[in-house]
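Beneath this line is the structure, given in structure tokens, with notes to follow.
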Amino acid sequence: MRPVLVLVDRTAADGAVCRSAGALLTLARRLGPPAAVLCGPPDATAVALLGRYGAATVTATDRPELDEYPASARVELLSHLVRRTGPVAVLVASHRLGQEVAARLTARLGSGLVSDVVDLRRDADGPVAVQSALLGAYRVESRVTGGVPVFTVRTDAVEAAAAPVQPAVRRADLAFPPGVRAVRRIARRPAGAELRPGLATAAVVVAGGRGLGSQRSFGLVGELARALHGTAGGSHTATELGWCPRCDQIDQVGTIVHPRLYLALGISGSVRHRAAMQHAETIVAVDRNPAAPIFELADLGVVGDVHRVVPELLAEISRRKATR
Ligand SMILES: Cc1cc2nc3c(=O)[nH]c(=O)nc-3n(C[C@H](O)[C@H](O)[C@H](O)COP(=O)(O)OP(=O)(O)OC[C@H]3O[C@@H](n4cnc5c(N)ncnc54)[C@H](O)[C@@H]3O)c2cc1C
Numbered sequence: 076m077r078p079v080l081v082l083v084d085r086t087a088a089d090g091a092v093c094r095s096a097g098a099l100l101t102l103a104r105r106l107g108p109p110a111a112v113l114c115g116p117p118d119a120t121a122v123a124l125l126g127r128y129g130a131a132t133v134t135a136t137d138r139p140e141l142d143e144y145p146a147s148a149r150v151e152l153l154s155h156l157v158r159r160t161g162p163v164a165v166l167v168a169s170h171r172l173g174q175e176v177a178a179r180l181t182a183r184l185g186s187g188l189v190s191d192v193v194d195l196r197r198d199a200d201g202p203v204a205v206q207s208a209l210l211g212a213y214r215v216e217s218r219v220t221g222g223v224p225v226f227t228v229r230t231d232a233v234e235a236a237a238a239p240v241q242p243a244v245r246r247a248d249l250a251f252p253p254g255v256r257a258v259r260r261i262a263r264r265p266a267g268a269e270l271r272p273g274l275a276t277a278a279v280v281v282a283g284g285r286g287l288g289s290q291r292s293f294g295l296v297g298e299l300a301r302a303l304h305g306t307a308g309g310s311h312t313a314t315e316l317g318w319c320p321r322c323d324q325i326d327q328v329g330t331i332v333h334p335r336l337y338l339a340l341g342i343s344g345s346v347r348h349r350a351a352m353q354h355a356e357t358i359v360a361v362d363r364n365p366a367a368p369i370f371e372l373a374d375l376g377v378v379g380d381v382h383r384v385v386p387e388l389l390a391e392i393s394r395r396k397a398t399r
């Protein structure tokens, strides 16, 4: 059977396989046997995790070019594997690097790309990619009509499901042509506050609303976001009151967020606010009104005063960081 190539992300900090791999492999299984493509050594932990989500094979390439020239080297590696294995499709995570790799790979293959895919299925004519549009009001289905389809996947929208197998581990040895050296990564370091992830792509979003009570107290929102390495935002009202810049307004006409973790502090949960954050993977809300509509959405609700709950949370976070 033709495989489905899945480009696996590893964390910058310790090289561990990112959680996104589980979601990518889960969707890949709907199209055919997943073939995980691992940049770096095939250590036992990485292989076990990929096997847990059904990777039939793990092809590892441990070459410095993949670190130094991340986009072009990945394009080179994937096009080499496409030529060698003739896959049903190629899946990559839908982040900045993934988007670049996918676009360049598609141009190289002369095929078609569907981005920000939230679901995949296969019918008699091949893979069908599903995108979510207009705040989730529409599901758009597309098919690539020529060549090997390339899909970028919004992994935060996919629930990873385990399907354990024992993967066959292979190594791909290829010579990278001089062309991959066009753009070299010269440094990678933790971002300061000025380089925090944008709201729309942040994995952790802490949002504050009228319940904070004052601009001064709204500082708690930024403080908690920093402690969680996340990004701060605010409700329409918080913006209207001048506590939060307009560009950080989370609502239907502002920024739509889909983080892994969304913390709502003193936000009632109006329809227009919910439309912009309801796709968060996990929602935690703090509000002193137990009947606040935000609790209908929340996975975890804390009925309490933000001025008490947030400082306690900050203290607990720094206590845990200190004992790690
Ligand atoms: C003219 C107009 C235009 C509007 N345009 C928009 C728009 O473009 N986009 C939009 O999203 N909305 C809009 N709205 C609606 C409104 O701004 C939204 O409902 C907004 O999201 C509400 O913000 P909020 O949740 O911060 O405030 P509220 O709805 O007032 O909620 C505050 C919450 O904080 C809680 N709270 C209070 N004190 C504390 C405390 N000490 N500790 C814990 N919790 C506390 C309260 O129980 C409450 O649930 C508009 C409204 C008007 C009147």
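Positions 76 to 399 (the working numbering) are the ones given, in order, by the sequence shown. The beta carbon of each residue, even a glycine, is placed where N, CA and C say it ideally should be.
| query | result |
| --- | --- |
| What are the boundary residues of the beta strand (DSSP E) that includes T132? | T132 to T136 |
| Please tell me whether, using a cut-off of 7 Å, the distance from the CB of Q353 to the nearest non-hydrogen atom of ligand 1 is below it. | no |
| Could you compute how far the alpha carbon of A277 sits from the alpha carbon of I358? | 14 Å |
| Just checking my contact of R229 with V192 at CB under 8 Å: how many whole Å lie between their CB atoms? | 7 Å |
| DSSP on G286, reduced to helix/strand/coil? | helix |
| Ligand 1 and A373: does the residue's C-beta get closer than 7 Å to at least one heavy atom of that ligand? | no |
| Should S343 go down as buried or exposed, given a rule of 16 or more other Cβ atoms within 10 Å for buried? | buried |
| If I measure Cβ to Cβ from A121 and keep anything under 7 Å in the same chain, skipping five residues before and after, which residues do I get? | V92 and L113 |
| Can you tell me whether L184 is helix, strand or coil according to DSSP? | helix |
| Using C-beta distances below 7 Å, list every residue in its chain close to T86, excluding the 5 sequence neighbours before and after it, in chain order. | C93 |
| Say yes only if the C-beta of T330 is nearer than 7 Å to one or more non-hydrogen atoms of ligand 1, and no if none qualify. | no |
| Please determine whether the Cβ atom of D285 lies at a distance below 7 Å from any heavy atom of ligand 1. | At residue 285 the sequence reads Arg, which differs from the Asp that was named. R285: yes, Cβ under 7 Å from ligand 1. |
| To the nearest whole angstrom, what separates the beta carbons of G317 and A307, a pair I think is in contact under 8 Å? | Their Cβ separation, rounded to whole angstroms, is 15 Å, which puts G317 and A307 out of contact at 8 Å. |
| Could you give the DSSP three-state label for Q353: helix, strand or coil? | coil |
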